[in-house]
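**Student:**
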Amino acid sequence: MSTRVAVLLILALAFAAPGSDADVRSDYLLHCGGCHLPDGRGAPPKVPDFRNELSRLLTSQQGRNYLVQVPGASQAPVTDERLTDIVNWLLTEYNAETLPADFQPLSIDEVANARRQVLVDPIKTRKRLLQASRQPVSGGAPEGRQ
């Protein structure tokens with residue numbers, strides 16, 4: 313490989329657009345992965361499994377809000393834009409097979425407004441939202457993901 317090509321590759325990597333999958337994954341690992349683990353499986357029932365579970369919360373605005381109102385998300389030391397990137401990445405990375413056909417990614421404004429509304433009891437709220445969507449509350453990994 314010529315020196316010129318190598319320099320161009322290094323510059324391209326150095327100036328990669330923020331919000332790339334690698335950057336968002338790094339933010340996930342830093343701010344979420346400690347509890348939810350690098351593969352998103354969590355430690356049910358206390359720490360929810362992200363794999364094919366989050367899409368169930370997209371059936372209502374309250375569910376969409378919940379995704380950014382949980383303490384780990386709402387209090388993460390990231391901008392609203394960055395949190396939006398992280399949550400949308402979680403949805404497409406760990407829930408691609410279960411996203412609704414009409415899925416719309418969360419917007420920065422939606423995240424900014426929702427994360428400022430404090431949840432009193434995240435576990436009870438999650439259970440209520442999942443019951444309202446008529447979906448079973450999972451305590452473990454989705455079938456085929458164990």
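FYI, the numbering for the sequence shown is 313 to 458, going by this note's numbering.
The C-beta atom is built at its ideal place from N, Cα and C for all residues, glycine as well.
Treat the numbers as computed from the prediction; the structure is a model and nothing was measured.
Specify, as a first and last residue, the run of the alpha helix (DSSP H) that threonine 404 falls within.
**Tutor:** Within the sequence shown, numbered from 1, the residue matching residue 404 stands at position 92. Segment 392-406, the alpha helix (DSSP H) holding threonine 404.
**Student:** Find the nearest neighbour of leucine 441 within the set Asp351, Gly345, Ser367, judged by alpha-carbon distance.
**Tutor:** Position 129 of the sequence shown, counted from the first residue, corresponds to residue 441. The shortest C-alpha separation from leucine 441 is found at Ser367.
**Student:** Count the other CB atoms within 10 Å of the CB of threonine 391; is the residue buried (16 or more) or exposed (fewer)?
**Tutor:** By one-based count along the sequence shown, residue 391 stands at place 79. Exposed: under 16 other Cβ atoms inside 10 Å.
**Student:** So glutamine 381 and alanine 444 are in contact, right, with Cβ under 8 Å, and what is the actual spacing, rounded?
**Tutor:** Your numbering for residue 381 matches position 69 in the sequence shown. Your numbering for residue 444 matches position 132 in the sequence shown. Wrong, their Cβ atoms sit about 16 Å apart, outside the cutoff.
**Student:** For leucine 323, which three-state DSSP category applies?
**Tutor:** Locating residue 323 in the sequence shown gives position 11, where the first residue counts as 1. Unreliable positioning characterises leucine 323 in this predicted model, as indicated by a pLDDT of 38, which lies under 50. A coordinate reading is not provided.
**Student:** Within the continuous alpha helix (DSSP H) that includes aspartate 414, where are the two ends?
**Tutor:** Taking the first residue of the sequence shown as position 1, residue 414 is located at position 102. Careful: aspartate 414 lies outside any alpha helix (DSSP H) and carries neither H nor E.
**Student:** Assign valine 399 to buried or exposed, taking buried as 16 or more other Cβ atoms, counted over all protein chains shown, within 10 Å of its Cβ.
**Tutor:** The count along the sequence shown starts at 1 and reaches residue 399 at position 87. Valine 399 comes out buried.
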